[in-house]
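Residue numbers (the numbering used here), protein chains in the order written: chain A, 1024 to 1236; chain B, 1024 to 1236.
Don't be surprised by glycine CBs; every beta carbon is placed ideally from N, CA and C.
Note that this is a predicted model, so its numbers are computed, not measured.
First comes the structure, then the notes that go with it.
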DNA sequence: TCACAATTTGAACGATGGTTCAAATCGTGA
DNA sequence: TCACGATTTGAACCATCGTTCAAATTGTGA
């Protein structure tokens, strides 16, 4: 994982135990953030989730922002890797966008750490915020570039690919506000229905524009 | 404005000055909430925005939750009124949905108090939370019912009107995270482009389903 | 001008939560 | 078994923030 802060690196011996503890702390933090909400979660809550004391968290993380940024970093890394994989495939553009949508909804709703990716970057202070914001921007660009490519190919039609990308990402990100595992539909189904709606919104007008249907 | 808390009503003489002060406080609170973020805004910040002291806020509002709920209540009232007006019109269903979308984006981004409507209801405690959640649910139902009506009429096609409604509302609500007044496009333009994309996503497959085009 | 209600002030209080760190405990290799 | 590094504890500290309220100030009607 790329070091994302510019302060002197916190010196923790990279023992197997330390690596495992950091992973456990990040996972616990994500669960509690998701369950209680970001702002209602304190360091004591995260520590309690692991039957440890808050002081211990500071052995592995510089401060709360450091911990939160690691959570978001990991989530964004997962999304970016998934995005690269999908972009590298030779599927049609519309199908690629659809798969991006499904993967996004799945990852932010069904996997920890996941739900915090770029959702509340404003809860971070500098320099963590900038680091995460850049990763987030890179992820948004994936959507915009894919939409632009679709417009070039003639299979999408939109006046402003960036606005379309933001609309799509908004729909996807807002799912963490209302979707709960264990309901009538799982995140994959939600993702697929979102993909149908949102991709159709782009392709429909391309079809009616070029008259071929 | 309907009294939304069940605690004994805070006794403030309804003088012209008091009414004007509450309005000014709500407007200032919305501005600061919007500028700094809900959780980074304290009572002292809101008071400072009006060159007054935090203690004074407690003359007009029971507590911070009361103030926040008033903000959200006002925003939701505006949205619900606009929704009722649009539903009462005799425009085609797709056009009505489009107008709802535009009005929503405009209201949450260009008007104070606006941006806080149902965005962070989880920041409220009971009984304020329940009151706002009910209003919010009523507003979501407007979208779902309109989509269901469109499906019945054959101009929309979707497997799950509720999921479609949530996708649309997610796209709309997320605009407060990234849209800033003064950019290349105003909120109305953003709203119109959203409407094109999202309504097209519903109508497109209805067209391809019934084969008439 | 005065009495009184309305309104504002601003210091203080209590709770919360991030953070620190000396001491204690644990784990490991010799 | 022991020394030493790794890790954890947990109380304390400090800052912040919501809230209170006695006192002061302002506004208004008689």
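Contact belief for residue i with residue j at Cβ below 8 Å, rounded distance in angstroms
i                       : j                       : result
residue 1077 of chain B : residue 1070 of chain B : 4 Å
residue 1057 of chain A : residue 1096 of chain A : At roughly 17 Å, the Cβ-Cβ gap does not stay under 8 Å, so residue 1057 of chain A and residue 1096 of chain A are not in contact.
residue 1171 of chain B : residue 1184 of chain B : 5 Å
residue 1196 of chain B : residue 1110 of chain B : Wrong, their Cβ atoms sit about 20 Å apart, outside the cutoff.
Endpoints, alpha helix (DSSP H) assigned at residue i
i                       : result
residue 1053 of chain A : 1039–1059
residue 1113 of chain B : Premise fails: residue 1113 of chain B is in no alpha helix (DSSP H) and is neither H nor E.
residue 1169 of chain A : 1151–1176
residue 1181 of chain B : From DSSP, residue 1181 of chain B is part of no alpha helix (DSSP H); its letter is neither H nor E.
residue 1142 of chain A : First-last for residue 1142 of chain A: undefined, no H or E at that position.
residue 1071 of chain A : 1066–1072
residue 1201 of chain B : 1198–1201
residue 1079 of chain A : 1077–1083
CB of residue i within 8 Å of CB of residue j, strictly
i                       : j                       : result
residue 1206 of chain B : residue 1198 of chain A : no
residue 1188 of chain B : residue 1166 of chain B : yes
residue 1222 of chain A : residue 1117 of chain A : yes
residue 1086 of chain B : residue 1204 of chain B : no
residue 1081 of chain A : residue 1044 of chain A : no
residue 1128 of chain A : residue 1210 of chain A : yes
residue 1146 of chain B : residue 1061 of chain B : yes
residue 1154 of chain A : residue 1092 of chain A : yes
residue 1224 of chain A : residue 1224 of chain B : yes
residue 1179 of chain B : residue 1190 of chain A : no
residue 1047 of chain A : residue 1073 of chain A : yes
Exposure of residue i, with buried meaning 16 or more beta-carbon neighbours within 10 Å
i                       : result
residue 1040 of chain B : exposed
residue 1126 of chain A : buried
residue 1112 of chain A : exposed
residue 1226 of chain A : buried
residue 1181 of chain A : buried
residue 1202 of chain A : buried
residue 1089 of chain A : buried
residue 1219 of chain A : buried
residue 1168 of chain A : exposed
residue 1035 of chain B : exposed
residue 1042 of chain A : exposed
residue 1067 of chain B : exposed
residue 1031 of chain B : Annotation note: pLDDT 46 at residue 1031 of chain B (below 50); position unreliable, coordinate value reported separately. Answer is exposed; the Cβ neighbour count stays below 16.
residue 1029 of chain B : Since pLDDT at residue 1029 of chain B reaches only 41, below the 50 mark, its modelled position is unreliable, and the value read off the structure follows with that caveat. So residue 1029 of chain B ends up on the exposed side.
CA nearest to the CA of residue i, picked from the options
i                       : options                           : result
residue 1174 of chain A : A:1161, A:1134 and A:1115         : A:1115
residue 1177 of chain A : A:1228, A:1036, A:1086 and A:1074 : A:1228
residue 1124 of chain A : A:1146, A:1042 and A:1214         : A:1214
residue 1106 of chain A : A:1066, A:1164, A:1134 and A:1148 : A:1164
residue 1156 of chain B : A:1152, A:1200, A:1196 and A:1195 : A:1200
residue 1054 of chain A : A:1098, A:1037 and A:1079         : A:1098
residue 1134 of chain B : B:1094, B:1108 and B:1148         : B:1094
residue 1208 of chain A : B:1212, B:1186 and B:1075         : B:1186
residue 1160 of chain B : B:1066, B:1037 and B:1103         : B:1103
residue 1148 of chain A : B:1079, B:1148 and B:1059         : B:1059
residue 1130 of chain B : B:1212, B:1075 and B:1152         : B:1212
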